[in-house]
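Student: Take a look at the following structure, please.
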Amino acid sequence: MSEGPINFGGAGDIDMLPTEARAAMRRLQQAGTAFGNRWTVLSTAIRTGELEANTGFDTLSKGFREAYNPAKDPIQQASDATGGAVGGLGARGNEIVGQYVQSAQRDAARMRAVGDL
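Residues are numbered in the numbering used here as their position in the sequence shown, beginning at 1, plus a constant of 48.
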């Protein structure tokens, strides 16, 4: 069930659906974990395949390696970091949702206190 847009008795509002936002952040975090797990398997298979292929001795292999070798390490590094980065965005997003809700509650209480003056 959605928390809906939060309105504290007409005193303060947030432009967020916290339940939906938390669910989206969990999905983002899960996507990062899934990517990281799958990449671990695939990168191992790629390295194993490279050792087994032992390319670089004929014209076709040399042409392939000229294009592949310069891109290999940057792609490997970016892929190694992707799962953690995406998962981290989801985790941080969940923290921010909580902070946003707390701020809205605090601000609404302050507005009510001003109205009582």
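Ideal placement from N, C-alpha and C gives every residue a C-beta, glycine not left out.
(1) Residue 130: which of 113, 65, 70 and 78 sits nearest, CA to CA?
(2) Would you say residue 82 reaches chain C, if we count a Cβ-Cβ gap shorter than 8 Å as a contact?
(3) Would DSSP call residue 50 helix, strand or coil?
(4) Where does residue 73 sit, in a helix, a strand or coil, going by DSSP?
(5) Have a look at residue 138 and residue 150 and give me their C-alpha separation to the nearest angstrom.
(6) In chain order, which alpha helix (DSSP H) runs of at least 4 residues are fully inside the region 66-146?
(7) Which word fits residue 145, buried or exposed, when buried means at least 16 other C-beta atoms lie within 10 angstroms of its C-beta?
Tutor: Per the coordinate set shown:
(1) Measuring from the Cα of residue 130, the nearest candidate turns out to be 78.
(2) The chain labelled as chain C is not found in the depicted structure, where only one protein chain is given.
(3) Residue placement at residue 50 is poorly supported in this model, since its pLDDT is 47, which falls under 50; the coordinates still yield a value, given next. Coil, per DSSP.
(4) In the three-state reduction of the DSSP assignment, residue 73 falls in the helix class, which pools H, G and I.
(5) In a straight line, the C-alpha of residue 138 is about 19 Å away from that of residue 150.
(6) If only complete runs of 4 or more residues are kept, the region 66-146 shows the alpha helix (DSSP H) at 66-101, in order along the chain.
(7) Classification of residue 145: buried, given that the 10 Å Cβ count is 16 or more.
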